[in-house]
Every structure is written in C-alpha cells, then in structure tokens.
Amino acid sequence: MSARWLRGAAATAATAAFLVPASLLAAAPALAHTAHAPAQAPVRTAAHGTAAPAVVAKKLFRAWLRADRHAASRVATAGAVSTLFAYPFRAPDEFAGCSGNACRFVHTSVRVPGGLDGILMIVSGAKVTKVYESRHLVTPSAAAKHLFDAWRKGDRNRGLEIATTTAVKTLFRTKYDPKGVKYFFQGCSSEPKGYGCAYSYEGGGMFMHVRGSKSRGYEVTSISYIAD
392 MSARWLRGAA ATAATAAFLV PASLLAAAPA LAHTAHAPAQ APVRTAAHGT AAPAVVAKKL
452 FRAWLRADRH AASRVATAGA VSTLFAYPFR APDEFAGCSG NACRFVHTSV RVPGGLDGIL
512 MIVSGAKVTK VYESRHLVTP SAAAKHLFDA WRKGDRNRGL EIATTTAVKT LFRTKYDPKG
572 VKYFFQGCSS EPKGYGCAYS YEGGGMFMHV RGSKSRGYEV TSISYIAD
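Numbering (this note's numbering), first residue to last: 392 to 619.
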C-alpha cells in the first residue's frame, strides 16, 4: 500500500480551536477557584490515616502556582514535578474533584488541546506520583505519534493529553496487539481544515485527523479507517 494512496484517502474532520500558550504565573489569581469541590463535602483524610488525594493534589497545585519546586517536591515525585512545571498553558482555574486517586484541575474559560482539558494528578499515599497534562505539540505528526504511543502502551490518559475524547474512544475500542499486524507511519498530508496522518497495516489503513496550528498546538480530533 503506497503512502500517496493512503494520504489521498483521508477524510475531513471539524476544526479545533486552541489557546495560545500563556505565562504560568499569570493565572495565579485563579487559585481561589481551585477550592470548588464536587457536591459532597471534601474528605480530609483517607481511611488508612494518610492525607486524602484531593488534599495532596491541591498542595502540589498551590506550590506550582507559587513556582516553589521545593514545596512541590515534598508532595510529589521528581518526575511529577518536572512534568507539572513544564505545563505550557496558563493554570487551570477549577478543581474538578477526584475519582479514586485521580484528581483533575480543568480550564473553564479557555480552550487547550486534548480531552484532558488541563491537569490530571495520580496520587499514591502522601505524594503525587504521576502528572498528565494538556500538551502543546507543534507538528501534526507529533500529535499523531503521541496518540499512537499512548494506544500502544494502553494509556488512555496519555492519549487524552493530545486527542479529543471521541478520538481516544475510537482508537481504544481495540487493544494494541504487539504480536498482531504491524503499523507503519506514512506521514501527514494536507486535507480540508487540517491534516490527515496515516498509518498503514496489512489489509488497510488508519487515519488520524489533526487540527490546529504551530502557535496554538495540534490535536487529533477524529480517527477513520479504510480497508484495502
């Protein structure tokens, strides 16, 4: 199957709008909004006596807003701190609560790439052990490869860093099989309102439809398939 044929078969998807990256500290006043919790009263401690995930996540978030790496390192692993302090957009302005040990901070007034819509912290005991965040990728191919890598690793949250919930749902309907058909990246080509990034495999092809720009960042908005 030729790359030219694959690129020519890509379908059109809707345009996505993004936020131009802004200064991290410009959003410091938004910290007041992070106290917003779900309908139930916040839990201060977990059943085993350690701080509840929400308490730990908020401590890290506040340390980040103050640009205080030392304080952040007390409640998060080095990897989590490095990821958070590299966040390319202004700070999220609302705490969206926790689902188990996964706590989210989201944007309510701006648009960023991906369905994650901000920052997701994974808490283990008294520390944040992993941070997922909306990404600012400057090429269509980078967005497509990021999503493919997330699928290969079986990591939906990583996929949501750079793809819409619809695209992630479509891709993760099937599990990546390392012993199955081989996928070959065929590059990206222009299509109406964006780009189509193709992966070929025996018997067909997969197209990731990417929207955005270098300044605003790119995201995968939908996925389509063709049979040979």
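Ideal placement from N, C-alpha and C gives every residue a C-beta, glycine not left out.
Note that this is a predicted model, so its numbers are computed, not measured.
Answer with buried or exposed for residue i, where buried requires no fewer than 16 other C-beta atoms within 10 angstroms of its C-beta.
i, result
"A423", "Reliability fails at A423, whose pLDDT of 35 lies under 50, so the model's placement of it is uncertain and the value that follows must be treated cautiously. Exposed, since its Cβ has fewer than 16 Cβ neighbours within 10 Å."
"A426", "Residue placement at A426 is flagged as unreliable, the pLDDT there being 36, under the threshold of 50; a coordinate-derived value is accordingly withheld."
"A543", "The sequence given here has Arg at residue 543, not Ala. Exposed, by the Cβ-count rule."
"V559", "buried"
"G608", "buried"
"K573", "exposed"
"P583", "exposed"
What is the DSSP secondary structure of residue i, counted as helix, strand or coil?
i, result
"G587", "strand"
"L511", "strand"
"F598", "strand"
"A458", "coil"
"A482", "coil"
At what residues does the alpha helix (DSSP H) containing residue i begin and finish?
i, result
"H537", "P531 to K544"
"S500", "Segment: none, S500 is in no alpha helix (DSSP H) and carries neither H nor E."
"S473", "A469 to L475"
"L528", "Neither: L528 is in no alpha helix (DSSP H) and is coded neither H nor E."
"G550", "R547 to L551"
"K560", "T556 to L562"
Hey, could you find the ends of the beta strand (DSSP E) residue i is sitting in?
i, result
"R495", "A493 to V497"
"K518", "K518 to E524"
Rounded to the nearest angstrom, how far is the Cβ of residue i from that of residue j, given a contact under 8 Å?
i, j, result
"C579", "S532", "5 Å"
Determine which residues share a DSSP beta bridge with residue i and list them.
i, result
"F575", "S591"
"S490", "A493"
"Y616", "M597"
"S606", "Paired residues: none, contrary to the question."
"S464", "Per DSSP, none; premise fails for S464."
"V611", "A554 and V601"
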